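Asks:
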Ligand SMILES: Nc1ncnc2c1ncn2[C@@H]1O[C@H](COP(=O)(O)OP(=O)(O)OP(=O)(O)O)[C@@H](O)[C@H]1O
Ligand SMILES: [Mg+2]
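Numbering (the numbering used here), first residue to last: 2 to 443.
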């Protein structure tokens, strides 16, 4: 691919050369035309300078010898030649008058002839001679343009080089940076034409910076959150090692299992969250049936619900409810919401998953009759590692952060409201209608 510099130079230089060629051709044609007219005028003047009735005697005294390139001849009324300027190149006396061209003696001639009662005066000039002079005059007129070519070319070279300097400056400014220097480029240092690029780069720096900060915070939080369960595990292990009583040992090992399960769950949630920043894994390219998704997730959690004797059911208003999405992410999202509903609802409670089409949007609604979430906590529960105090359940505090990411990815909105029965939470996720162009059904 050509560089901008090459394209500019090529475009401007060829434009300049084409213009100069056209100007040269026009100038050449004009000079030729004018020289021709001048020669014709000269021929006419020579003819007119002869006396009206020349005799042979007069001709000897008349010095009308205009040079070897022009032949002047005079004939009297009996067509007897009374004068010739160049006997070696005599031409016949033509019948025509005025300007005309003839071939004589193998050469092309331009003739001018005038006839009066007494005589015919005819002057002839070799066309080759005229053309030679015309050509040399026309070429001389082109000299200024030929001098102009290198002058204009150097000017174009200089101006193009100077105009592209801001790009080189930008490339240098970016090239000199280290991987972690993400401060904005100085906008005053660049021309207005460069501003869209400079602004776009600055905006990108800002996004990369905030994403790096988020990653750093995430890693720090993750390390902190992992340290506690691992320390507890180690402590529990040390305790178990010292136990001798069989009953005590059994309960100690059970606790060890529980702690290990919690640590494993935390790692799993962290991995899901980390994977969400990978754009390739988050492609929204499938046509997904929301009723089918709801039934699958309810199936996944039926055992957990059974353990707490919770009535877990699905209610689908119509089967034809499809959205465009990523099936794995949506399953993780709904799974986390249903998991919360079961986990934070007391034994013998009720959890309902329903899929609705309200005419404007499709919604998945998960309602429970559990402890609900205080209004003051509803904003913060989507933050990473945030947990409502006193829920009595163990968890990593990452479930709803994952839910929020998946909802954002699908352009869905989340609404938390109180359950109509007094206690409990209604968790509504609403999706826009999708048009399914180039989408595979799932
Ligand atoms: N249906 C619900 N009823 C009552 N409280 C809820 C409900 N859903 C979430 N919460 C509260 O919101 C907090 C955050 O939930 P989130 O799912 O993010 O974390 P978690 O359940 O503690 O951990 P994880 O889901 O990663 O195991 C929970 O600790 C819980 O207190
Ligand atoms: Mg949860």
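Ideal Cβ placement from N, Cα and C applies to all residues, glycine included.
It should be emphasised that the depicted structure is a prediction, and the values quoted were computed from it without experimental measurement.
Let me check understanding here. Comparing Cα to Cα, which of 121, 105 and 147 lies closest to residue 26?
Replies: Closest option to residue 26, Cα to Cα, is 147.
Asks: Flag this pair as yes or no: are the beta carbons of residue 222 and residue 386 separated by less than 7 angstroms?
Replies: Yes, the pair counts as a contact, with Cβ atoms nearer than the cut-off.
Asks: Nearest to residue 415 by alpha carbon, out of 162, 396 and 363?
Replies: The shortest Cα separation from residue 415 among 162, 396 and 363 belongs to 363.
Asks: For ligand 1, is there a heavy atom less than 6 angstroms away from the beta-carbon of residue 342?
Replies: Correct: residue 342 has its Cβ closer than 6 angstroms to ligand 1.
Asks: With burial defined as no fewer than 16 other Cβ atoms inside 10 Å of the residue's Cβ, what is the status of residue 177: buried or exposed?
Replies: Answer is exposed; the Cβ neighbour count stays below 16.
Asks: To the nearest angstrom, report how far apart residue 63 and residue 86 are at their CA atoms.
Replies: In this prediction, residue 63 has a pLDDT of 47, which is less than 50 and means its spatial position is unreliable; what the coordinates show is noted afterwards. Those two C-alpha atoms are separated by around 10 angstroms.
Asks: For ligand 2, is there a heavy atom less than 6 angstroms away from the beta-carbon of residue 1?
Replies: A question about residue 1 goes unanswered here, because the residues of the chain that appear run from 2 up to 443.
Asks: Classify residue 236 as buried or exposed, calling it buried when 16 or more other Cβ atoms lie within 10 Å of its own Cβ.
Replies: Answer is exposed; the Cβ neighbour count stays below 16.
Asks: Look at the Cβ atom of residue 371, then the Cβ atom of residue 350, and state whether they are nearer than 7 angstroms.
Replies: Contact: yes.
Asks: Tell me whether residue 109 sits in a helix, a strand or coil according to DSSP, three-state version.
Replies: In this structure, residue 109 counts as strand in the three-state DSSP scheme.
Asks: Which same chain residues end up closer than 7 angstroms to residue 382 when comparing Cβ atoms and leaving out the 5 residues on each side of it in sequence?
Replies: Only 374, 389 and 401 meet the Cβ criterion.
Asks: Comparing the CB of residue 270 with every heavy atom of ligand 1, is any distance shorter than 6 angstroms?
Replies: Residue 270 Cβ: within cutoff of ligand 1.
Asks: Whose C-beta lies closer than 6 angstroms to the C-beta of residue 296 among residues of the same chain, with five residues either side of it excluded?
Replies: Excluding sequence neighbours, residue 296 sits near 315.
Asks: With a threshold of 16 other CB atoms inside 10 Å of the CB of residue 42, please say whether the residue is buried or exposed.
Replies: Exposed: under 16 other Cβ atoms inside 10 Å.
Asks: Using alpha carbons as the reference points, say which of 287, 198 and 225 lies closest to residue 172.
Replies: Checked all of 287, 198 and 225; the closest Cα to residue 172 is 198.
Asks: In chain order, which continuous runs of the beta strand (DSSP E) of length 3 or greater are located wholly inside the segment 334-420?
Replies: 351-358, 363-369 and 414-419, all fully within the segment 334-420.
Asks: Cβ of residue 388 within 6 angstroms of any heavy atom in ligand 1?
Replies: Residue 388 Cβ: within cutoff of ligand 1.
Asks: Go through the segment 113-189 residue by residue and report every complete run of the alpha helix (DSSP H) that reaches 4 residues or more, in order.
Replies: You should have 128-164 and 166-176.
Asks: At a cut of 8 angstroms, does the segment 17-31 reach the segment 98-118 through at least three beta carbon pairs?
Replies: Too few Cβ pairs lie closer than 8 angstroms, so no.
Asks: Using only alpha-carbon positions, find the residue among 366, 326, 405 and 109 that is nearest to residue 379.
Replies: Looking at the Cα atoms, 405 is the closest of the given residues.
Asks: Do you know offhand how far residue 154's Cα is from residue 200's?
Replies: Straight-line Cα distance between these residues: approximately 34 angstroms.
Asks: For residue 108, which residues of its own chain have a beta-carbon under 8 angstroms away from its beta-carbon, when the five flanking residues on both sides are left out?
Replies: Excluding positions up to five away in sequence, the list reads 127, 128 and 129.
Asks: DSSP three-state call for residue 311: helix, strand or coil?
Replies: It is coil, neither helix nor strand.
Asks: Short of 8 angstroms in beta carbon distance, which residues of its chain neighbour residue 230, apart from the five on each side in sequence? Order them along the chain.
Replies: Contacts found: 260, 263, 264 and 267.
Asks: Going by alpha carbons, who is nearest to residue 158 out of 5, 328 and 90?
Replies: Taking only the C-alpha atoms, the option nearest residue 158 is 5.
Asks: Among the candidates 269, 357 and 352, whose CA atom is the shortest distance from the CA of residue 290?
Replies: Selected option, being the one with the closest Cα: 357.
Asks: Check whether the Cβ atoms of residue 119 and residue 54 sit closer than 7 angstroms, and answer yes or no.
Replies: Yes, these two residues count as a Cβ contact at 7 angstroms.
Asks: Relative to the C-alpha of residue 81, which residue among 162, 394, 94 and 432 is closest?
Replies: Residue 81 has its Cα closest to that of 94, out of 162, 394, 94 and 432.
Asks: Sorted by chain position, which residues of the same chain lie with C-beta nearer than 6 angstroms to residue 111's C-beta, five sequence neighbours on each side aside?
Replies: Only 102, 126 and 128 meet the Cβ criterion.
Asks: CB residue 432 to CB residue 324, shorter than 7 angstroms?
Replies: Yes, they are a contact pair.
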